[in-house]
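In our numbering, the protein residues as written are 478 to 716.
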């Protein structure tokens with residue numbers, strides 16, 4: 478803990494010695510302006526390699542009768558996020574027997590989801606290059622976030638990565654998701670209320686055309702605007 482705190486303090490000292498900073502989200506910019514006079518937002522975007530892998534995964538994408546809802550956890554810190562929407566997931570799985578839940582990464586299966594064990598698919602933490610194929614296997618990508626400065630500072634990567642393989646994302650209406658996702662057009666945003674998540678999931682499950690329209694719109698937006706090819710010029714000009 479002492480070593481960690483020392484690292485944070487040295488970061489602050491470094492920032493105070495800088496006139497400018499480059500970061501990825503509005504909330505990070507807000508925090509950095511306490512230490513530097515000007516901050517440029519250079520969003521996290523898809524690299525050429527990520528686009529290539531996503532295109533490959535997209536070609537392999539298959540139709541299936543089940544509706545697969547997925548939650549991809551980067552680390553154990555995401556457990557509180559899935560707890561946030563767990564009641565909605567339980568209600569959805571009780572109502573729609575064709576729904577399966579895929580959990581990927583370092584996440585513990587909550588005990589009250591055990592009754593759906595036969596419809597829950599669990600995959601281990603994987604290298605990022607394998608992610609596009611996993612995301613492409615989903616019909617709906619879940620991106621819940623608890624409200625906090627830490628979470629508001631996170632990028633909209635989960636939405637972007639899903640869009641590249643034409644998978645629709647349902648995300649919490651906070652931080653970078655709130656800024657970047659056009660609700661009902663290229664993604665679905667929810668306030669952190671169980672009824673809102675349940676309503677959003679019901680519509681996506683029941684209306685395939687709506688689901689596919691959002692996924693296709695997100696794909697077109699990301700492939701044309703949110704890749705390194707199209708965003709490098711702005712940061713170059715800033716520098």
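Cβ coordinates follow ideal geometry from the N, Cα and C atoms, glycine included.
Three-state secondary structure (DSSP) of residue i
i: residue 535; result: helix
i: residue 634; result: helix
i: residue 548; result: strand
i: residue 599; result: strand
i: residue 584; result: coil
i: residue 641; result: coil
i: residue 716; result: coil
i: residue 578; result: strand
i: residue 521; result: coil
i: residue 501; result: coil
i: residue 647; result: strand
Terminal residues of the alpha helix (DSSP H) in which residue i lies
i: residue 619; result: Looking at the DSSP string, residue 619 is not in any alpha helix (DSSP H); the run it does join, the beta strand (DSSP E), is 617-620.
i: residue 704; result: Segment: none, residue 704 is in no alpha helix (DSSP H) and carries neither H nor E.
i: residue 487; result: 479-493
8 Å contact criterion, which residue i and residue j should meet: CB distance rounded
i: residue 535; j: residue 643; result: 6 Å
i: residue 512; j: residue 489; result: 7 Å
i: residue 641; j: residue 655; result: The pair is not a contact, with the Cβ atoms about 21 Å apart (cut-off 8 Å).
i: residue 472; j: residue 575; result: The first residue shown for the chain is 478 and the last is 716, placing residue 472 beyond what the model contains.
i: residue 504; j: residue 652; result: 6 Å
Which listed residue (the options) has its alpha carbon closest to that of residue i
i: residue 692; options: 539, 664, 558 and 714; result: 664
i: residue 587; options: 563, 524 and 496; result: 563
i: residue 619; options: 528, 628 and 677; result: 677
i: residue 703; options: 625, 633 and 613; result: 633
i: residue 674; options: 482, 613, 700 and 546; result: 546
i: residue 561; options: 487, 706, 637 and 624; result: 624
i: residue 578; options: 628, 486, 568 and 599; result: 599
i: residue 559; options: 613, 529 and 585; result: 585
Own chain partners of residue i with C-beta closer than 6 Å, once the 5 adjacent residues on each side are dropped
i: residue 573; result: 682
i: residue 520; result: 501
i: residue 662; result: 694
Close beta carbons around residue i, own chain, < 7 Å, minus the five adjacent residues each side
i: residue 602; result: 582 and 583
For residue i, the first and last residue of its enclosing beta strand (DSSP E)
i: residue 666; result: 665-667
i: residue 517; result: 515-518
Own chain partners of residue i with C-beta closer than 8 Å, once the 5 adjacent residues on each side are dropped
i: residue 492; result: 498, 509, 512 and 513
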